[in-house]
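Student: Take this structure first; my questions come after.
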Amino acid sequence: MKYPTLYSLFFTFITCFPLSAGEQVILSKPPADTPSSLDRLWGYATLYQNENNPVIQKFVLSGRLHADAIRFDEDPGNFEDMLWRRFRFGFKSSWFDHFTLQLEADIDLNDMDSDELDDSYNRLTDAYIGWSRSKALAIKLGKQSAGFTLDGATSSKKLLTPERSTVATNLWFPTEYFTGISTKGRIDHWSYQTGAFSSSDDEEFGTFDSGYFGLISLGYDFKHLTGCDRSEARIDYVYNDPDYDGNVGTRDLRQVVSLSAWWENQRAGIATGLSFGDGIEGQSDLYGLEIMPYYTINDTWQLVFRYTYVYSPDDNGVRLNRYESQVVTGRCNAAHEWFLGINTYFYGHKLKWQNGIEYIHTNDRADDGGEYSGWGLTSAFRMYF
Numbered sequence: 001m002k003y004p005t006l007y008s009l010f011f012t013f014i015t016c017f018p019l020s021a022g023e024q025v026i027l028s029k030p031p032a033d034t035p036s037s038l039d040r041l042w043g044y045a046t047l048y049q050n051e052n053n054p055v056i057q058k059f060v061l062s063g064r065l066h067a068d069a070i071r072f073d074e075d076p077g078n079f080e081d082m083l084w085r086r087f088r089f090g091f092k093s094s095w096f097d098h099f100t101l102q103l104e105a106d107i108d109l110n111d112m113d114s115d116e117l118d119d120s121y122n123r124l125t126d127a128y129i130g131w132s133r134s135k136a137l138a139i140k141l142g143k144q145s146a147g148f149t150l151d152g153a154t155s156s157k158k159l160l161t162p163e164r165s166t167v168a169t170n171l172w173f174p175t176e177y178f179t180g181i182s183t184k185g186r187i188d189h190w191s192y193q194t195g196a197f198s199s200s201d202d203e204e205f206g207t208f209d210s211g212y213f214g215l216i217s218l219g220y221d222f223k224h225l226t227g228c229d230r231s232e233a234r235i236d237y238v239y240n241d242p243d244y245d246g247n248v249g250t251r252d253l254r255q256v257v258s259l260s261a262w263w264e265n266q267r268a269g270i271a272t273g274l275s276f277g278d279g280i281e282g283q284s285d286l287y288g289l290e291i292m293p294y295y296t297i298n299d300t301w302q303l304v305f306r307y308t309y310v311y312s313p314d315d316n317g318v319r320l321n322r323y324e325s326q327v328v329t330g331r332c333n334a335a336h337e338w339f340l341g342i343n344t345y346f347y348g349h350k351l352k353w354q355n356g357i358e359y360i361h362t363n364d365r366a367d368d369g370g371e372y373s374g375w376g377l378t379s380a381f382r383m384y385f
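Heads up: the sequence shown begins at 1 in full-length UniProt numbering, then just goes up one per residue.
Written out as structure tokens, the structure is:
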């Protein structure tokens, strides 16, 4: 289905954005009551809050609503659509001062039929019990996000780009939510996370019939040494032992090692990631690089650039991203991505509009259907509460 207005919408937005070299941009401020109005609106999600109650301290609704308008062209094919990217809904509650209970489901709003609402349910995402007494230790038991790599460890609620990078597509586990137990904490300038998870892709709670994987992350905050607003580095290590007799939700990688770093001072920042994956079951080893500088003009406007490179020594080791793979279904041995975007924040990450243009080029050494050289446009609405 064609949506020719997407191009005009995007380029109208670009041309109306008053940015010129050497000129400081001063945007009109929103009405004084806008922040408080949004505070009140989002506050309706808190159904109960009483810190003096010894049993239940808080009960809030939780969820996210994401929508995409996209067009990707690679001669002679293209893919254009407007769709609901994500809809998740549930609750999060605090109990007995130290316990957290969260339950959230993923629901498909595309082609929803009111007579068959059960078909819209995809899976549970967060479904866990958590416990914590201090910042030094927090424990989760149940279904939860297993995050690693630069983008994989970043919630879809707070991405600076509409989609995660090709590095995450290939070296992270996009199933994301797995059943298991994890710990995390922060001690002085150090942070850590450990976890043991089922490799199962089951819609609800997975079992270890599909194998398991372990995750260890160690980070260090060194902004006290640099004087910057943010200076952090983190290393992730994953050991994966899937059982292919079951329903496996991980990539065909035995081990993944990823190094991520962030630097930010005043308006400018940069995030970088370097990853390696040890392939199994016919999957080639993988190498990934991601560089993402960004510039925050003010509380509303932000510019983002991202370069991503994924390389496989063997043929057909690299997957294309979500929308590019709708145009070219094959795989390649190397993929480059250049992305330039503008983010508009109406209420921080809780309510934003993300627009971007990208160019993707692949090397298909096997010449068997994985060649791609084309442009893509994305206009994305993101909201969470």
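Idealized CB from N, CA, C, for every residue including glycine.
If you're wondering where the values come from, they're calculated on a predicted model, not measured in any experiment.
1) Do you know whose CA, among P54, L61, L38, D39, lies nearest L47's CA?
2) Just to confirm my understanding: we take A261, look at its own chain, exclude 5 residues before and 5 after, and list those with CB closer than 6 Å. What are they?
3) Distance check for G142 and I129, CA to CA, integer angstroms please.
4) Judging by CA-CA distance, which residue of T183, F197, F96 is the nearest neighbour of S191?
5) Tell me the rounded alpha-carbon separation between R123 and I56.
6) Report the option in S155, F89, K135 whose CA atom is closest to the CA atom of A127.
7) Give me the Cβ distance between S325 and L171, rounded to the nearest whole Å; I'm assuming they're in contact under 8 Å.
8) Can L160 and N298 be called in contact, C-beta distance under 8 Å?
9) Could you please give me the residues that DSSP links to D241 through a beta bridge?
10) Report yes if the CB atom of R322 is closer than 8 Å to the CB atom of E203, and no otherwise.
11) Let me know the beta strand (DSSP E) ranges lying completely inside the stretch 292-358, each 3 residues or longer, listed in chain order.
12) Spatial neighbours of residue 459 within its chain, please: C-beta separation below 6 Å, excluding the five flanking residues on both sides.
13) With a floor of 4 residues, list each alpha helix (DSSP H) that falls wholly inside the stretch 155-217, ordered by position along the chain.
14) So is G348 buried or exposed if we call it buried at 16+ other beta carbons inside 10 Å?
15) Which class does D119 belong to by DSSP, given the choice of helix, strand or coil?
16) Does DSSP classify T250 as helix, strand or coil?
17) Would you grab the beta carbon distance between F213 and V238 for me? Rounded to a whole angstrom, and I think it's under 8 Å.
18) Just curious, the beta strand (DSSP E) that H98 is in, first and last residue?
19) Please confirm whether L253 and G211 have their CB atoms less than 8 Å apart.
20) How should N50 be labelled, buried or exposed, when 16 other C-beta atoms within 10 angstroms of its C-beta is the threshold for buried?
21) Touching or not, the stretch 67-83 and the stretch 135-152, by the rule of three or more beta carbon pairs under 8 Å?
22) Tell me where the beta strand (DSSP E) around K143 begins and ends.
23) Run the CB neighbour count on D364, radius 10 Å, all protein chains shown included, and call it buried at 16 or more, exposed below.
24) Let me confirm a value: M112 is counted as buried when at least 16 other C-beta atoms fall within 10 Å, else exposed. Which label applies?
25) Using the beta-carbon count (16 or more within 10 Å), is F385 buried or exposed?
26) Can you list, in chain order, the residues of its chain with a C-beta nearer than 8 Å to that of S28? Leave out the 5 residues immediately preceding and following it.
27) In whole angstroms, give me the CA-to-CA distance for residue 400 and F96.
28) Tell me which residue opens and which closes the beta strand (DSSP E) that L109 is part of.
29) Spatial neighbours of N110 within its chain, please: CB distance less than 7 Å, with the 5 preceding and 5 following residues excluded, ordered by chain position.
30) Find out if the Cβ-Cβ distance for the pair T125, D151 is shorter than 8 Å.
31) Check T149 in the structure and name its three-state DSSP category.
32) Given F346, which residues of its chain have a CB within under 7 Å of its CB, disregarding the five upstream and five downstream residues?
33) If we ignore side chains and look at the alpha-carbon of each, how far apart do E281 and S145 end up?
34) Return helix, strand or coil for R382, following the three-state DSSP convention.
35) Whose C-alpha, out of I187, D201, H189, A168, is nearest the C-alpha of T179?
Tutor: Based on what the coordinates show:
1) For the purposes of this step, residue 47 is taken as the residue at position 47 of the sequence shown. Out of P54, L61, L38, D39, L61 has the C-alpha closest to the C-alpha of L47.
2) Counting from one through the sequence shown, the residue named residue 261 turns up at place 261. A233, T272, listed in sequence order.
3) Sequence index remark: in the sequence shown, residue 129 carries index 129 (1-based). Sequence index remark: in the sequence shown, residue 142 carries index 142 (1-based). Spanning the two alpha carbons is a distance of roughly 6 Å.
4) As a working note, residue 191 is residue 191 in the sequence shown. Among T183, F197, F96, the Cα nearest to that of S191 is on T183.
5) As a working mapping, residue 123 is identified with position 123 in the sequence shown. As a working mapping, residue 56 is identified with position 56 in the sequence shown. So the two alpha carbons sit approximately 27 Å from each other.
6) For the purposes of this step, residue 127 is identified with residue 127 of the sequence shown, where counting begins at 1. It is F89.
7) Taking the first residue of the sequence shown as 1, we reach residue 325 at position 325. Taking the first residue of the sequence shown as 1, we reach residue 171 at position 171. Contact flag wrong, Cβ pair sits at about 16 Å.
8) Stepping through the sequence shown from its first residue, residue 160 is reached at position 160. Stepping through the sequence shown from its first residue, residue 298 is reached at position 298. No. Outside cutoff.
9) Here residue 241 refers to the residue found at position 241 when the sequence shown is read from its first residue. Per DSSP, Y212.
10) Here the question's residue 322 lines up with position 322 in the sequence shown. Here the question's residue 203 lines up with position 203 in the sequence shown. No, they are not a contact pair.
11) 301-311, 334-345
12) This structure cannot settle anything about residue 459, because the visible part of the chain is limited to 1 through 385.
13) 166-171
14) Residue mapping note: residue 348 aligns to position 348 of the sequence shown, counting from 1. Classification for G348: exposed.
15) Within the sequence shown, numbered from 1, the residue matching residue 119 stands at position 119. Helix.
16) Your numbering for residue 250 matches position 250 in the sequence shown. If DSSP states are grouped into helix, strand and coil, T250 belongs with coil.
17) Counted from its first residue, the sequence shown places residue 213 at position 213. Counted from its first residue, the sequence shown places residue 238 at position 238. Yes, they are in contact, since the Cβ atoms of F213 and V238 sit about 6 Å apart, within 8 Å.
18) Residue numbering aside, residue 98 sits at position 98 when the sequence shown is read from its first letter. Counting along the chain, H98 falls outside any beta strand (DSSP E), and DSSP gives it neither H nor E.
19) In the sequence shown, counting from the first residue as 1, residue 253 sits at position 253. In the sequence shown, counting from the first residue as 1, residue 211 sits at position 211. No; because the gap between Cβ atoms is not below 8 Å, this pair is not in contact.
20) Position 50 of the sequence shown, counted from the start, is the residue given in the question as residue 50. Result: exposed.
21) no
22) Sequence index remark: in the sequence shown, residue 143 carries index 143 (1-based). Here the beta strand (DSSP E) through K143 covers 137-145.
23) Within the sequence shown, residue 364 is the residue found at index 364, counting from 1. Counting Cβ neighbours within 10 Å, D364 comes out buried, since at least 16 surround it.
24) Taking the first residue of the sequence shown as 1, we reach residue 112 at position 112. Counting Cβ neighbours within 10 Å, M112 comes out exposed, since fewer than 16 surround it.
25) Within the sequence shown, numbered from 1, the residue matching residue 385 stands at position 385. It is buried - the Cβ of F385 has at least 16 other Cβ atoms within 10 Å.
26) What you label residue 28 is simply residue 28 of the sequence shown in a count that begins at 1. Any reading at S28 needs caution, since the residue's pLDDT is 33, under 50, leaving its predicted position unreliable; the model's value is listed next. Taken in chain order, the list of residues that qualify is empty.
27) Because the chain here runs from 1 to 385, residue 400 falls outside it and cannot be looked at.
28) Taking the sequence shown and counting its residues from 1, one reaches residue 109 at position 109. Segment: none, L109 is in no beta strand (DSSP E) and carries neither H nor E.
29) Start at 1 with the first residue of the sequence shown, and residue 110 comes out as number 110. Same-chain partners within the cutoff: L83, W84.
30) The residue labelled residue 125 in the question sits at position 125 within the sequence shown. The residue labelled residue 151 in the question sits at position 151 within the sequence shown. Contact: no.
31) The sequence position of residue 149 within the sequence shown is 149, counting from 1. If DSSP states are grouped into helix, strand and coil, T149 belongs with coil.
32) Mapped onto the sequence shown, residue 346 falls at position 346. Closer than 7 Å at the Cβ level, and outside the excluded window around F346, lie K352.
33) Translated into the one-based positions of the sequence shown, residue 281 becomes position 281. Translated into the one-based positions of the sequence shown, residue 145 becomes position 145. Answer to the nearest angstrom: the Cα atoms are 25 Å apart.
34) As a first step, residue 382 must be located in the sequence shown, where it is residue number 382. Strand, per DSSP.
35) In the sequence shown, the residue the question calls residue 179 occupies position 179. Residue D201 is the option with its Cα nearest to T179.
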